[in-house]
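> Here it is, the structure, as structure tokens.
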DNA sequence: TCTGGGGTCCTAGGACCC
DNA sequence: TCTGGGGTCCTAGGACCC
């Protein structure tokens, strides 16, 4: 059996842990730059406010219902996630961290009679030790566990835990699951299936394999197998290295000057290079892009791909090529809204193919990067950084309603008065 | 006024090899 | 008049996830 533990309204729950006055009140958390609604409390869901909607479109509802609004506080959410995962791991050591608020659990070593108690106990302990409520679904495959999880979350009778452990139950739940509720079936495939009379997960499992393979490719076929109770998507125990590393942000305000764009590209290049070094890899290719606001007139967007002469993870080198790329696509007279840096062609940093004509003193730059990373690790990110990244950063993203970093910054630790 | 960020996998088609 | 068979690698584009 596989389990999936999924935190309820995760970002909202994190805010509530340190601000209990938000309990039972409508709360939303916004995306970066305070753009869209990305987390909603149950009260907000009940009002019919959709996931991902731009916040300016629901300003009236927010006012009318006195909804508490927060900018996203990733320092807090990442740390709370780490805590939740470490508690889960104490109960079920073999697991796959699937996203910031979800983990698949390997329950194959546990006797079937014990699983119910184990899961209920795990859930209770996570709540007690971290303050984060979660739901757990258990089933013979990951895809079915996801369905069980939804049931556990939506139906209060289940008390946050749903065990899908019989064929009768599988049939019952699949008949009550719409195709768009299946993990792996997105909006486009849902429309496609419904147009052909397939509305429920159960109907999908009764469909011919050849037809599925032809129309939904092998990924669709894997999903159908999983719905039938045959595991086709294994647990990933160790996190594979990223094949692509991307850092991109929208700007707090439109940016017109090349200088400010240079600061942002240098910042994103440095962040990407840092991520690259964290996984002990090198990149072969740098892509940079800039774009204006696509919802407005006078649109311009462009990108530039640069092949590096020798694979590297050195910030100076990556930044230099990224800025060179920027110069080549920058056009004056536009109000830029977003920029990004993407590293690809990623390989391990051991056994690099040398270039006969390489003139860069690589040992020295590697040592320099090591020292920088150590300082920043010990004293906090951006304790030291390159001047090209800018100091004032007039373009930096908007986070007007951010809560304190309660658990990661000594200056922002909660004060309790007796 | 205001519209997120970061990923993966699969397929088709083109270029190339012998 | 007639024009093979069997591969690999790479990329763009489209789908999906949270």
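In the working numbering, the protein residues as written are -18 to 399. Just so it is clear, CB atoms sit at the ideal spot from N, CA and C, and this is done for glycine as well. Since this is a predicted model, take the numbers as computed values, not measurements.
Going straight from the alpha carbon of residue 382 to that of residue 137, what length do you get?
Near 32 Å, if we compare the C-alpha coordinates of residue 137 and residue 382.
> How big is the Cα-Cα spacing for residue 156 and residue 102?
So the alpha carbons of these two residues sit roughly 30 Å apart.
> Where does residue 247 fall in DSSP's three states?
Residue 247 falls in the helix class under three-state DSSP.
> Please state if the CB of residue 15 and the CB of residue 285 are separated by a distance shorter than 8 Å.
No; because the gap between Cβ atoms is not below 8 Å, this pair is not in contact.
> Specify the secondary structure class of residue 160 as computed by DSSP and reduced to three states.
If DSSP states are grouped into helix, strand and coil, residue 160 belongs with the helices.
> Please say whether residue 42 and residue 28 have beta carbons closer to each other than 8 Å?
Against a cut-off of 8 Å, the Cβ pair of residue 42 and residue 28 comes out as a contact.
> With distances taken from CA atoms, which of 107, 71, 353 and 282 is nearest residue 82?
Ranking 107, 71, 353 and 282 by Cα distance to residue 82 puts 107 first.
> Once the 5 residues before and after residue 34 are set aside, which same chain residues still bring their CB inside 6 Å of it?
Excluding sequence neighbours, residue 34 sits near 18.
> So residue 298 packs on residue 341, CB below 8 Å; how close in whole Å?
Contact flag correct, Cβ pair sits at about 7 Å.
> Determine, using beta carbons only, whether residue 269 and residue 210 come nearer to each other than 8 Å.
For residue 269 and residue 210, no; Cβs fall outside 8 Å.
> For residue 31, does the count of other Cβ atoms within 10 angstroms reach 16, so buried, or fall short, so exposed?
Answer is exposed; the Cβ neighbour count stays below 16.
> Got a sec? Which residues, its chain only, sit under 7 Å from residue 425 by beta carbon, not counting five neighbours each side?
Outside the shown range of the chain (-18 to 399) lies residue 425, about which nothing can therefore be said.
> Kindly indicate which three-state DSSP category residue 202 falls into: helix, strand or coil?
DSSP places residue 202 in helix when its eight states are reduced to three.
> Mind checking which residues open and close the alpha helix (DSSP H) that includes residue 108?
It spans 93 to 111 - the alpha helix (DSSP H) in which residue 108 sits, taken as one unbroken run.
> State the Cα-Cα distance for the pair residue 206 and residue 99, rounded to the nearest angstrom.
Cα to Cα, residue 206 sits roughly 27 Å from residue 99.
> Quick check: what's the CA-CA separation for residue 349 versus residue 192?
When rounded, the distance between both Cα atoms is 57 Å.
> On the DSSP bridge assignment, give the partners of residue 357 in chain order.
Answer by DSSP bridge pairing: none, since residue 357 is not bridged.
> Give the DSSP-derived three-state secondary structure of residue 260 in the structure shown.
Residue 260 falls in the coil class under three-state DSSP.
> Could you name the residues of the same chain whose beta carbon sits closer than 6 Å to that of residue 165, not counting the 5 residues immediately before and after it, in chain order?
Once the five neighbours on either side are set aside, the close Cβ partners of residue 165 are 204.
> I need the boundaries of the alpha helix (DSSP H) containing residue -3, first residue and last residue.
That run of the alpha helix (DSSP H) goes -9 to -1.
> Which whole-angstrom value describes the C-beta separation of residue -16 and residue 118, a residue pair presumed to lie in contact below a C-beta threshold of 8 Å?
Sure, about 7 Å apart at Cβ, within 8 Å.
> So what's residue 298 in DSSP terms, helix, strand or just coil?
If DSSP states are grouped into helix, strand and coil, residue 298 belongs with the helices.
> Output yes or no for whether 8 Å exceeds the beta carbon distance between residue 227 and residue 254.
Taking 8 Å as the Cβ cut-off, residue 227 and residue 254 do not qualify as a contacting pair.
> Take residue 390 and list the residues in its own chain whose beta-carbon comes closer than 8 Å to its own, dropping the five residues that flank it on each side.
Within the same chain, residue 390 has close Cβ partners 56.
> Which residues in the same chain have their Cβ closer than 6 Å to the Cβ of residue 376, if we skip the five residues on either side of it in sequence?
Closer than 6 Å at the Cβ level, and outside the excluded window around residue 376, lie 232, 236, 241 and 245.
> Can you confirm whether the region 351 to 358 touches the region 316 to 332 when touching is taken to mean that 3 or more C-beta pairs between the two stretches lie within less than 8 Å?
No contact exists between the region 316 to 332 and the region 351 to 358.
> Mind checking whether residue 179 and residue 160 have CB atoms under 8 Å apart?
It is a contact, given that the beta carbons lie within the stated cut-off.
> Assuming contact is defined by CB atoms lying nearer than 8 Å, are residue -8 and residue 384 in contact in what I supplied?
No.
> Assuming residue 230 contacts residue 13 under a Cβ cut-off of 8 Å, what Cβ separation, rounded to an integer in Å, is found between them?
Sure, about 6 Å apart at Cβ, within 8 Å.
> Buried or exposed: residue 75, going by 16 or more other Cβ atoms within 10 Å of its Cβ?
Counting Cβ neighbours within 10 Å, residue 75 comes out exposed, since fewer than 16 surround it.
> Using CA coordinates, which residue listed in 85, 139 and 123 is at the minimum distance from residue 220?
With distances taken between Cα atoms, residue 220 lies closest to 85.
> Take residue 69 as the anchor and find which of 92, 46, 110 and 22 has the nearest alpha-carbon.
Taking only the C-alpha atoms, the option nearest residue 69 is 110.
> Among the residues of its own chain, which have a CB less than 6 Å from the CB of residue 280, if the five just before and after it don't count?
Closer than 6 Å at Cβ, skipping near neighbours: 273.
> Residue 214 and residue 123 - do their beta-carbons sit closer together than 8 Å?
Yes. Within cutoff.
> Tell me the DSSP secondary structure of residue 220 in three-state form.
It is coil, neither helix nor strand.
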